[in-house]
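J.: Going by my numbering, the sequence shown opens with residue 1, and the numbers climb by one from there.
Below you will find the structure I want to go over with you.
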Amino acid sequence: MKQSSSSSNLVQSSSSKGNPWGTSAEWGPFNCKVNGGCLEFTDDRNNRTYKYMKFDGKKCLNFNEKGKCTDEKDTTIYAMVENLNVGKMVDGSLNQNVDNEIERYCYDNDTLICHYYGGLYQWAEMMQLPSACNNMDCSDRYDPTNHQGICPKGWRLLTYEDFYIILNSNGNTHGIEGLRSSFGCDGYNGTGFSLVCSGYNWEYEYKNLNKGIYWFYPEESFSDSQNASGSFTGLSMTTVRKGSYNKSHGFTVRCVMSK
1 MKQSSSSSNL
11 VQSSSSKGNP
21 WGTSAEWGPF
31 NCKVNGGCLE
41 FTDDRNNRTY
51 KYMKFDGKKC
61 LNFNEKGKCT
71 DEKDTTIYAM
81 VENLNVGKMV
91 DGSLNQNVDN
101 EIERYCYDND
111 TLICHYYGGL
121 YQWAEMMQLP
131 SACNNMDCSD
141 RYDPTNHQGI
151 CPKGWRLLTY
161 EDFYIILNSN
171 GNTHGIEGLR
181 SSFGCDGYNG
191 TGFSLVCSGY
201 NWEYEYKNLN
211 KGIYWFYPEE
221 SFSDSQNASG
231 SFTGLSMTTV
241 RKGSYNKSHG
251 FTVRCVMSK
């Protein structure tokens with residue numbers, strides 16, 4: 001199991017840029033007035049505290065060939081309402097291929113941006129599988145419904161099924177816009193999921209900070225072993241796009257509490 005080399009929760013920047021938000025108190029993407037409010041959890045790997053929330057929603061029991069749900073039941077999950085930020089920063093032009101530690105990209109190679117928006121991770125890094133899995137089928141090495149990956153102990157990686165529950169949680173009348181934060185991501189955030197437009201690393205280049213966000217699922221493409229399933233949303237999008245994306249891209253990570 002890889003371990004993080006991070007040891008501090010201090011807000012420190014690896015660049016000379018000023019802090020666009022001033023202080024942590026001015027970073028305000030959250031909506032803690034819904035779903036019973038925000039709870040908090042501290043990751044003992046780097047003493048970072050995350051907000052998370054209870055979501056009462058609809059679990060899809062069956063998807064048809066077009067991806068539409070044909071059967072649902074009520075369910076509850078607890079999910080983080082901010083992006084994971086753990087690991088040693090590596091330059092965005094490089095692969096995350098040191099298999100004995102957690103590595104992350106920080107947008108513009110700036111750890112201050114990681115502090116607010118979270119880290120960006122290649123698929124194998126997110127999964128805590130050998131980096132070679134970015135170029136080969138590793139589907140026999142994990143349970144896609146319950147895989148810890150780089151999430152803290154007691155948590156697991158967000159699945160598409162989890163995302164469906166959150167998207168269809170109680171009180172959400174705005175679809176994907178109900179999940180995006182109104183703080184720089186043009187959403188209503190009625191669910192409290194507080195998606196921020198954290199950008200991504202696409203073909204070893206940083207793109208679209210404050211314009212869009214991608215995230216992977218613990219799920220590989222059936223047609224291409226170099227691809228994995230993921231979703232995307234951006235400013236003013238009224239739907240979420242699910243597709244197959246190259247595993248070497250760097251996307252954000254969300255975690256769900258294990259049962």
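In this text, a Cβ means the ideal position worked out from N, Cα and C, and glycines have one as well.
Work out the CA separation of K59 and R48 for me, nearest whole Å.
T.: Reading the sequence shown from its first residue, position 48 is the one you call residue 48. Reading the sequence shown from its first residue, position 59 is the one you call residue 59. R48 and K59: Cα-Cα distance of roughly 30 Å.
J.: Looking at G230 and the ligand NAP, is the gap between the Cβ and the nearest heavy atom below 7 Å?
T.: The model depicted lacks the ligand NAP and carries no ligand whatsoever.
J.: Would you mind stating whether I150 and V86 have Cβ atoms separated by less than 8 Å?
T.: Numbered from 1 along the sequence shown, position 150 holds the residue referred to as residue 150. Numbered from 1 along the sequence shown, position 86 holds the residue referred to as residue 86. In this structure, V86 lies closer than 8 Å to I150 by Cβ.
J.: Determine whether the beta carbon atoms of D74 and S169 lie at a separation below 8 Å.
T.: Translated into the one-based positions of the sequence shown, residue 74 becomes position 74. Translated into the one-based positions of the sequence shown, residue 169 becomes position 169. Going by C-beta atoms, D74 is not nearer than 8 Å to S169.
J.: Can you give the Cα-Cα distance for V34 and M53, rounded to whole angstroms?
T.: As a first step, residue 34 must be located in the sequence shown, where it is residue number 34. As a first step, residue 53 must be located in the sequence shown, where it is residue number 53. Each residue's Cα considered, the two are about 9 Å apart.
J.: Taking T173 as the reference, which of Y188, S181 and E203 has the closest Cα?
T.: Counted from its first residue, the sequence shown places residue 173 at position 173. The option with the nearest alpha carbon to T173 is Y188.
J.: Tell me the rounded alpha-carbon separation between S244 and N227.
T.: Locating residue 244 in the sequence shown gives position 244, where the first residue counts as 1. Locating residue 227 in the sequence shown gives position 227, where the first residue counts as 1. Each residue's alpha carbon lies about 6 Å from the other.
J.: Going by DSSP in three states, I150 sits in which element: helix, strand or coil?
T.: Taking the first residue of the sequence shown as 1, we reach residue 150 at position 150. Three-state result, I150: coil.
J.: Between the Cα of R156 and those of M237, P218 and D137, spot the shortest distance and give me the residue it belongs to.
T.: Here residue 156 corresponds to residue number 156 of the sequence shown, with the count starting at 1. When each option's Cα is compared against that of R156, the closest is P218.
J.: Across the stretch 123-142 and the stretch 37-44, are there enough close Cβ pairs to call them in contact, namely three or more that are closer than 8 Å?
T.: Cβ pair count under 8 Å is below three, so no.
J.: Sorted by chain position, which residues of the same chain lie with C-beta nearer than 8 Å to N83's C-beta, five sequence neighbours on each side aside?
T.: Locating residue 83 in the sequence shown gives position 83, counting from the first residue. Y117, G118, G119, V196, S198, T252, V253 and R254.
J.: Since T42 is in the alpha helix (DSSP H), which residue starts that stretch and which ends it?
T.: In the sequence shown, counting from the first residue as 1, residue 42 sits at position 42. Element bounds for T42: not the alpha helix (DSSP H) but the beta strand (DSSP E), L39 to D43.
J.: Hey, K207 and G234: beta-carbon distance below 8 Å or not?
T.: On the sequence shown, residue 207 is found 207 positions in, with the first residue counted as 1. On the sequence shown, residue 234 is found 234 positions in, with the first residue counted as 1. Result no, Cβ atoms of K207 and G234 do not sit closer than 8 Å.
J.: I'd like to know whether the C-beta atoms of A79 and I166 end up nearer to each other than 8 Å.
T.: In the sequence shown, counting from the first residue as 1, residue 79 sits at position 79. In the sequence shown, counting from the first residue as 1, residue 166 sits at position 166. Yes, Cβ-Cβ distance for A79 and I166 is below 8 Å.
J.: Compute the Euclidean distance between the alpha carbons of G37 and F30, then round it to the nearest angstrom.
T.: Taking the first residue of the sequence shown as 1, we reach residue 37 at position 37. Taking the first residue of the sequence shown as 1, we reach residue 30 at position 30. Taking the straight line from one Cα to the other gives about 10 Å.
J.: Just to confirm the assignment, what range does the alpha helix (DSSP H) spanning D162 have?
T.: Along the sequence shown, read from residue 1 onward, the residue named residue 162 stands at position 162. Counting along the chain, the alpha helix (DSSP H) containing D162 begins and ends at Y160 to L167.
J.: In angstroms with no decimal places, state the Cα-to-Cα distance between C32 and G192.
T.: For the purposes of this step, residue 32 is taken as residue 32 along the sequence shown, with counting starting at 1. For the purposes of this step, residue 192 is taken as residue 192 along the sequence shown, with counting starting at 1. Whole-angstrom Cα-Cα distance: 6 Å.
J.: Give the single residue among L39, A25 and L61 whose Cα lies nearest to the Cα of E161.
T.: Residue 161 sits at position 161 when you count from the first residue of the sequence shown. Answer by Cα proximity: L61.
J.: To the nearest angstrom, report how far apart S231 and S258 are at their CA atoms.
T.: For the purposes of this step, residue 231 is taken as the residue at position 231 of the sequence shown. For the purposes of this step, residue 258 is taken as the residue at position 258 of the sequence shown. Between S231 and S258, the C-alpha separation is close to 22 Å.
J.: If you draw a straight line from the C-alpha of S225 to the C-alpha of A124, how long is it?
T.: Counting from one through the sequence shown, the residue named residue 225 turns up at place 225. Counting from one through the sequence shown, the residue named residue 124 turns up at place 124. Using only the alpha carbons, I get a separation of about 12 Å.
J.: For Y105, I'd like the list of residues in its chain whose CB is within less than 6 Å of its CB, leaving aside the five on either flank, ordered along the chain.
T.: Within the sequence shown, the letter at position 105 stands for residue 105. G92, L120, N201 and G250.
J.: Starting from the C-beta of N146, find all residues in its chain whose C-beta is less than 6 Å away, skip the five residues before and the five after it, and write them out in chain order.
T.: Indexing the sequence shown from 1 puts residue 146 at position 146. The beta carbon of N146 sits closer than 6 Å to those of R156, all from its chain and outside the five residues before and after it, given in chain order.
J.: Using the Cβ count rule (16 or more neighbours within 10 Å means buried), how would you classify T159?
T.: In the sequence shown, the residue the question calls residue 159 occupies position 159. It counts as buried.
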